[in-house]
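Quick note, the working numbering runs 15 ahead of the 1-based positions in the sequence shown. Just below is one structure, and these are the notes that go with it.
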Amino acid sequence: MAEFHDHQRFIGNLSYRTAGFLLLGGVTLAVVGMLMLRYDQLAALDGAMVIALAFFMLPTQIHERYLFLVLAFVAARLASDRALWPVFIFLTISATLNIVGDLRGFVPVAYAYIVESSLPYVLAAGNLVTLVWLLIRMIYLSLPPRVWRWRTAEVANGSKDW
16 MAEFHDHQRF IGNLSYRTAG FLLLGGVTLA VVGMLMLRYD QLAALDGAMV
66 IALAFFMLPT QIHERYLFLV LAFVAARLAS DRALWPVFIF LTISATLNIV
116 GDLRGFVPVA YAYIVESSLP YVLAAGNLVT LVWLLIRMIY LSLPPRVWRW
166 RTAEVANGSK DW
């Protein structure tokens with residue numbers, strides 16, 4: 016497996032570390048924009064969920080344990096949106112395998128398998144897809160109904176969340 020360091024150049028003079036923080040800043044701005052359009056408890060949970068996952072995924076040198084923080088926001092949101100169950104299950108599995116694959120002491124056999132396999136890349140790709148989906152979903156839910164003419168009447172009048 017190729018090894019990258021956060022000080023290496025990503026594009027031009029932009030390091031991986033700087034690119035990660037710029038992407039995190041972009042996600043944060045998107046959340047702030049969404050909260051300016053729609054501010055309620057569910058929107059705040061959506062924003063916290065997206066920022067927490069972006070904080071884990073985008074900057075370099077973020078410890079594996081920070082993925083568990085996302086689960087608290089997803090769990091709080093599950094009460095009103097059952098569509099998030101697959102996200103909760105996937106992120107729980109991903110967080111657990113990230114910890115087991117990073118710390119030898121938990122399950123040495125699993126650690127060896129995870130380190131030698133492509134599983135970390137699969138989990139990273141799944142986490143990124145999840146982040147993008149949650150970001151798009153958050154933006155979709157914050158826009159006025161007239162923007163999305165194909166939204167159902169239940170979603171448009173606020174009686175249904177997704």
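We put the CB at the ideal spot given by N, CA and C, even for glycine.
Go to residue i, then tell me how far its alpha helix (DSSP H) extends in each direction, as first and last residue.
i	result
residue 31	31-52
residue 101	100-117
residue 136	134-157
residue 62	56-72
residue 131	123-131
Output yes or no for whether 8 Å exceeds the beta carbon distance between residue i and residue j.
i	j	result
residue 49	residue 151	no
residue 37	residue 70	no
residue 143	residue 61	no
residue 106	residue 89	yes
residue 95	residue 141	no
Please report the Cβ distance between residue i and residue j, rounded to the nearest whole angstrom; I am assuming they are in contact, meaning their Cβ atoms lie under 8 Å.
i	j	result
residue 178	residue 145	Look at the range of the chain in this structure, 16 to 177, and you will see that residue 178 is not part of it.
residue 73	residue 35	5 Å
Does DSSP put residue i in a helix, a strand or coil?
i	result
residue 81	helix
Spell out a yes or no on whether the segment 75-83 and the segment 104-119 are touching, meaning 3 or more CB-CB pairs, one atom from each, closer than 8 Å.
yes
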